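S.K.: Residue numbering for the sequence shown follows the UniProt record's numbering, starting at 1 and increasing by one per position.
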Amino acid sequence: MTASNSAASTGLIPDCIWPLAAELGEGPLWHAAEQRLYFVNLVGNALHAVDADGGRHTWQLPTYVCWLLPRKDGDGFMAGLRDGIVRLWLVPELRIEYLHRPLEHGDLRFNDAKVDAAGRIWAGTMNAADVSRPHGKLFRLDPDGGLRTALTEYHICNGPTFSLDGRTMYHNDSFLDRTYAYDVNADGGLDNPRLWRQFGAGEGSPDGMTVDSEDCVWIAQWGGARVCRYSPAGELLTTIAMPVAQPSSVAFGGPDLKTLYITSAWQGYDDACRAADPQAGALFSVRVDVPGVPAAQFG
């Protein structure tokens, strides 16, 4: 399979589709059956959705909502709240059922997550009070409901995402500006840890990411005002210049999976920074040539 290599930024102009000014927009998820994009304002305790026809929806939760993931049985969603992994239903009304509360103390919180092809959830944590402390862990929630610790000593867990064959996991430590790769065994074990890419000055920190149908990795680069596409070997292929400094995550959607949705944030800004970055926290979309792949489902 040959990756499409396009000139940086050529023709890839993000559109602002919801200027909602989320402090920490994150976790975009395209729900194919509903033709709807879900995403969160993590520290705003809010879950948002945009329909294919432009309709908008918001649900307020009792605490931070970090991510939302689909279930194979279609019975609600899996979600990460600040302090645990839950089942979540939106209809006929918002309902939450805690499944696991594995965090040792109140400074820790969940951050990002993804489902792999085997139906397992991989969910990372961080020390929100002091990101310089390597207290972050990556948990694996198996379809049988068992929760296991997969990785430890991360600062800010972001991602992960997986190669098309499911045999490689990419995972970010945003504090260190690094993306690591791991071999994924059939039983969910991780082997052969390696540094996949070290991001340099001005590139930003690797945040949320996804994989397209050519097995290339798209990464939102927080602080770098860009979203980039990389080959499986880590070669930079495409750069989308963003009108905001802190793009936070990406997901493919739309009927043809050729719309790349991009969340953003103004977290950490003072008034002057917000004035200088007026679209920070908006939801963006950009049309791309290579489609994504459907989101994997838990179970």
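Heads up, the beta-carbon is just placed ideally off N, CA and C, and yes, glycines get one too. None of these values were measured; they are calculated from a predicted model.
Residue range of the alpha helix (DSSP H) that C216 falls in?
M.R.: Numbered from its first residue, the sequence shown carries residue 216 at position 216. Note, C216: premise wrong, no alpha helix (DSSP H); not H, not E.
S.K.: Check this for me: beta carbons of A22 and N45, under 8 Å apart or not?
M.R.: Along the sequence shown, read from residue 1 onward, the residue named residue 22 stands at position 22. Along the sequence shown, read from residue 1 onward, the residue named residue 45 stands at position 45. No, the pair does not count as a contact, with Cβ atoms beyond the cut-off.
S.K.: Looking at the secondary structure, which residues open and close the alpha helix (DSSP H) in which A275 lies?
M.R.: Here residue 275 corresponds to residue number 275 of the sequence shown, with the count starting at 1. Per DSSP, A275 belongs to the alpha helix (DSSP H) from 271–276.
S.K.: Would the beta-carbon of Y154 be found less than 7 Å away from any heavy atom of the ligand SAM?
M.R.: This structure lacks the ligand SAM; in fact it carries no ligand of any kind.
S.K.: With the cut-off set at 8 Å, would you say I262 and P14 are in Cβ contact?
M.R.: By one-based count along the sequence shown, residue 262 stands at place 262. By one-based count along the sequence shown, residue 14 stands at place 14. Against a cut-off of 8 Å, the Cβ pair of P14 and I262 comes out as a contact.
S.K.: Looking at the unbroken beta strand (DSSP E) that takes in E153, where does it start and where does it end?
M.R.: Within the sequence shown, residue 153 is the residue found at index 153, counting from 1. Residues 147–154.
S.K.: Could you have a look at E235 and say whether DSSP puts it in helix, strand or coil?
M.R.: Stepping through the sequence shown from its first residue, residue 235 is reached at position 235. The answer is coil: DSSP assigns E235 none of H, G, I, E or B.
S.K.: Could you pull out every residue in the same chain whose Cβ sits closer than 8 Å to the Cβ of A52, ignoring the five residues on either side in sequence?
M.R.: The residue you call residue 52 lines up with position 52 of the sequence shown. Correct list, in chain order: Q35, R36, G254, P255.
S.K.: What is the residue span of the beta strand (DSSP E) that H100 lies within?
M.R.: Along the sequence shown, one-based indexing puts residue 100 at 100. Per DSSP, H100 is one residue of the beta strand (DSSP E) stretching across 95–100.
S.K.: To which residues does DSSP link E26 through a beta bridge?
M.R.: Within the sequence shown, the letter at position 26 stands for residue 26. E26 is bridged to V40.
S.K.: Just reading off the beta strand (DSSP E) that T63 is part of, what are its end residues?
M.R.: Numbered from 1 along the sequence shown, position 63 holds the residue referred to as residue 63. First-last for T63: undefined, no H or E at that position.
S.K.: Ignore the nearest five residues each way along the sequence and tell me which others in F77's own chain have a CB closer than 7 Å to its CB.
M.R.: Within the sequence shown, numbered from 1, the residue matching residue 77 stands at position 77. Same-chain partners within the cutoff: L68, L69, P70, R71, L88.
S.K.: Three or more C-beta pairs closer than 8 Å, one from the stretch 192–207 and one from the stretch 269–278: is that the case here?
M.R.: no
S.K.: Please report the distance separating the alpha-carbon of T138 from that of D271.
M.R.: The residue given as residue 138 occupies position 138 in the sequence shown. The residue given as residue 271 occupies position 271 in the sequence shown. The question names Thr, yet the displayed sequence has Leu at residue 138. So the two alpha carbons sit approximately 34 Å from each other.
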